[in-house]
Amino acid sequence: MAASFYMLVPRPLLHLYTFTPLHLYTFTMKTGIIGSGSMGSGIAQVAATAGHEVLLYDNNPDALRRAKANLEKIMARLVEKGRLEQEEAEAILSRIRFVNSLTDYKDAGLVIEAIVENLDIKKTVFQHVEEIVSEDCIIATNTSSLSIASIASACQDPSRVIGIHFFNPAPLMKLVEAIPAVQTNEETLKRSIELIQSWGKTTVVAKDTPGFIVNRVARPFYGEALRILEEGLADAPTIDWAMKEIGGFRMGPFTLMDYIGHDVNYKVTETVFESFYYDPRYKPSFTQKRLMEAGWLGRKTGRGFYDYREGAKTPEPTKDKKLGEQIVWRILVMLINEAADALYLNIASRDDIELAMTKGVNYPKGLLQWADEKGINHCVITLDRLHAEYLEDRYRCSPLLRRMAREGRRFY
Ligand SMILES: NC(=O)c1ccc[n+]([C@@H]2O[C@H](COP(=O)([O-])OP(=O)(O)OC[C@H]3O[C@@H](n4cnc5c(N)ncnc54)[C@H](O)[C@@H]3O)[C@@H](O)[C@H]2O)c1
Numbered sequence: 002m003a004a005s006f007y008m009l010v011p012r013p014l015l016h017l018y019t020f021t022p023l024h025l026y027t028f029t030m031k032t033g034i035i036g037s038g039s040m041g042s043g044i045a046q047v048a049a050t051a052g053h054e055v056l057l058y059d060n061n062p063d064a065l066r067r068a069k070a071n072l073e074k075i076m077a078r079l080v081e082k083g084r085l086e087q088e089e090a091e092a093i094l095s096r097i098r099f100v101n102s103l104t105d106y107k108d109a110g111l112v113i114e115a116i117v118e119n120l121d122i123k124k125t126v127f128q129h130v131e132e133i134v135s136e137d138c139i140i141a142t143n144t145s146s147l148s149i150a151s152i153a154s155a156c157q158d159p160s161r162v163i164g165i166h167f168f169n170p171a172p173l174m175k176l177v178e179a180i181p182a183v184q185t186n187e188e189t190l191k192r193s194i195e196l197i198q199s200w201g202k203t204t205v206v207a208k209d210t211p212g213f214i215v216n217r218v219a220r221p222f223y224g225e226a227l228r229i230l231e232e233g234l235a236d237a238p239t240i241d242w243a244m245k246e247i248g249g250f251r252m253g254p255f256t257l258m259d260y261i262g263h264d265v266n267y268k269v270t271e272t273v274f275e276s277f278y279y280d281p282r283y284k285p286s287f288t289q290k291r292l293m294e295a296g297w298l299g300r301k302t303g304r305g306f307y308d309y310r311e312g313a314k315t316p317e318p319t320k321d322k323k324l325g326e327q328i329v330w331r332i333l334v335m336l337i338n339e340a341a342d343a344l345y346l347n348i349a350s351r352d353d354i355e356l357a358m359t360k361g362v363n364y365p366k367g368l369l370q371w372a373d374e375k376g377i378n379h380c381v382i383t384l385d386r387l388h389a390e391y392l393e394d395r396y397r398c399s400p401l402l403r404r405m406a407r408e409g410r411r412f413y
């Protein structure tokens with residue numbers, strides 16, 4: 002088995018692959034995308050905008066037709082808003098070929114799979130793609146929750162397989178997580194990062210573990226807010242108000258969950274929980290499960306935590322500053338704990354964890370920098386108090402925070 006680049010490179014050197022402006026040179030190559038849903042067509046738009054010839058395939062001809070119509074609409078809107086010239090928009094669209102067979106992918110330099118989140122189906126597709134593409138083609142998956150190692154194991158040469166995780170909507174979200182599997186070789190990681198940076202994206206490198214960086218570290222943003230709601234300490238509008246107005250987050254957790262959709266958000270939480278062998282830290286919430294079961298999926302169905310139907314009134318928050326500060330600190334300290342633990346377990350470098358949370362989910366500040374500002378010792382004391390109060394493992398303090406507090410160290 003080829004040794005993984007990730008394992009061979011000392012941690013400090015991983016920064017080179019995150020911050021060096023490797024797109025100082027430009028090159029284009031044929032990029033094949035499989036799956037023309039929201040992610041596949043978004044990634045196609047990004048690659049074509051960066052000047053690449055793109056092939057977009059879907060096994061459902063209707064989905065492919067919808068993707069084409071959507072992309073045409075998006076381009077027209079960008080022209081209307083003055084963000085693109087008409088000729089540029091036409092050139093971008095002309096670089097995307099909507100194809101009915103994967104055989105067209107034989108001379109692609111990179112293939113990104115963005116199909117349904119199902120391991121067996123993904124493995125079959127990877128096996129098939131490998132038979133078509135050239136030996137030096139990188140085959141990437143955009144999976145949010147499956148292990149890259151298991152997808153790579155479907156290939157004869159798993160060293161060219163990697164996770165390239167875009168966020169939704171791909172054209173707007175700056176961050177891309179690059180996830181080498183244990184089988185991935187150095188060249189695959191290096192070339193993938195160069196390419197994605199040349200598309201104008203910020204890359205971070207994450208270990209092949211559930212949730213990678215963002216979907217793991219962000220869990221308490223939802224989980225702790227739900228817990229505070231379930232305990233009756235505050236209602237959803239008050240928690241949202243506190244996180245936005247006092248915490249400085251772009252959106253409160255309940256507004257955000259309604260926006261993401263409870264089917265999607267609950268599923269990610271459940272998958273992370275199961276993948277971590279039922280670690281109570283990631284336990285999903287019944288409140289959210291019931292919304293999902295009721296079909297109150299959020300904005301898209303007109304109802305979630307809030308009522309979006311015509312004429313419905315949004316309840317007012319209790320604007321109690323002291324309560325608001327307690328809410329923000331309890332959620333924030335849980336996020337800090339998660340970020341510290343991700344660093345402790347070498348999921349990513351310190352700077353990549355900060356970049357991931359500020360660029361991937363637009364947090365107002367990096368969580369580790371926030372920990373420094375609040376005081377590491379203060380974080381440890383709060384977590385220990387919560388742990389003593391609830392006697393639940395979910396509030397256990399990361400060994401890294403405890404050690405740093407003892408040694409009087411800071412993250413920066
Ligand atoms: N939606 C998100 O917010 C998001 C964010 C990051 C990553 N992802 C990941 O991206 C992938 C795609 O997600 P999505 O939201 O775009 O899904 P989607 O349902 O919008 O699109 C999936 C597309 O794949 C097609 N498809 C299914 N099986 C296929 C096959 N065997 N061959 C070819 N095409 C096939 C479907 O017809 C559909 O058009 C998933 O792995 C998901 O976990 C999603």
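Taking this note's numbering, I'd label the letters of the sequence shown as residues 2 to 413. Glycine included, C-beta positions come from ideal geometry on N, C-alpha and C.
Cβ neighbours of residue i in the same chain (closer than 8 Å, five flanking residues each side left out)
i    : result
D236 : L230, P316, P318 and T319
L94  : A49, L72, E73 and M76
P281 : E393, D394 and R395
E232 : none
N266 : Y223, M258 and Q289
CB contact below 7 Å: residue i versus chain B
i    : result
E187 : Checking the listed chains, one finds no chain B in this structure; it contains a single protein chain.
DSSP three-state assignment for residue i, whether helix, strand or coil
i    : result
L234 : coil
E393 : coil
G361 : helix
R414 : No statement about residue 414 is possible, as the shown extent of the chain runs from 2 to 413 and does not include it.
T204 : strand
R403 : helix
H53  : coil
F213 : coil
I116 : coil
F412 : coil
G122 : Here residue 122 is Ile; the residue named in the question, Gly, does not match the sequence. DSSP places I122 in helix when its eight states are reduced to three.
Y106 : helix
Y345 : helix
Residue burial classification, residue i (beta-carbon count within 10 angstroms, cutoff 16)
i    : result
E326 : exposed
K82  : exposed
D209 : buried
V126 : buried
R291 : exposed
Q46  : buried
S289 : Looking at the sequence provided, one finds Gln at residue 289 rather than Ser. Q289 comes out buried.
A68  : buried
D1   : Within the shown structure, residues of the chain are numbered from 2 to 413, placing residue 1 beyond reach of any answer.
K31  : buried
P11  : Residue placement at P11 cannot be trusted, given a pLDDT of 36 that sits under 50; what the coordinates show is reported in the next sentence. Classification for P11: exposed.
F250 : buried
S135 : exposed
R351 : buried
Chain-order list of residues whose beta-carbon lies under 7 Å from that of residue i (same chain, five-residue window excluded)
i    : result
T204 : T19, V177, A179, I194, I197 and Q198
E225 : R331, I332 and M335
N363 : R251
Nonlocal neighbours in the same chain, by C-beta distance under 6 Å from residue i, ignoring five residues either side
i    : result
L85  : L79
D105 : L56
G41  : I34 and A115
E374 : none
Anticipated Cβ contact below 8 Å, residue i with residue j, distance rounded
i    : j    : result
G361 : V215 : 4 Å
I44  : F213 : Wrong, their Cβ atoms sit about 17 Å apart, outside the cutoff.
Any non-hydrogen atom of ligand 2 closer than 6 Å to residue i Cβ
i   : result
M40 : This structure lacks ligand 2; its bound ligands are ligand 1.
Quiz prompt | Touch test, the segment 378-391 against the segment 238-248, Cβ-Cβ under 8 Å, three pairs minimum | solution = no
Quiz item: Is the number of C-beta pairs between the segment 158-165 and the segment 182-191 that are closer than 8 Å three or more?
Solution: yes
Quiz item: Three or more beta-carbon pairs under 8 Å between the segment 94-105 and the segment 42-60, yes or no?
Solution: yes
Exercise. Determine contact between the segment 330-350 and the segment 257-264, defined as no fewer than three beta-carbon pairs at a distance below 8 Å.
Key: no
Quiz item: Within the chosen definition, does the segment 145-154 reach the segment 299-312 through at least 3 CB pairs nearer than 8 Å?
Solution: no
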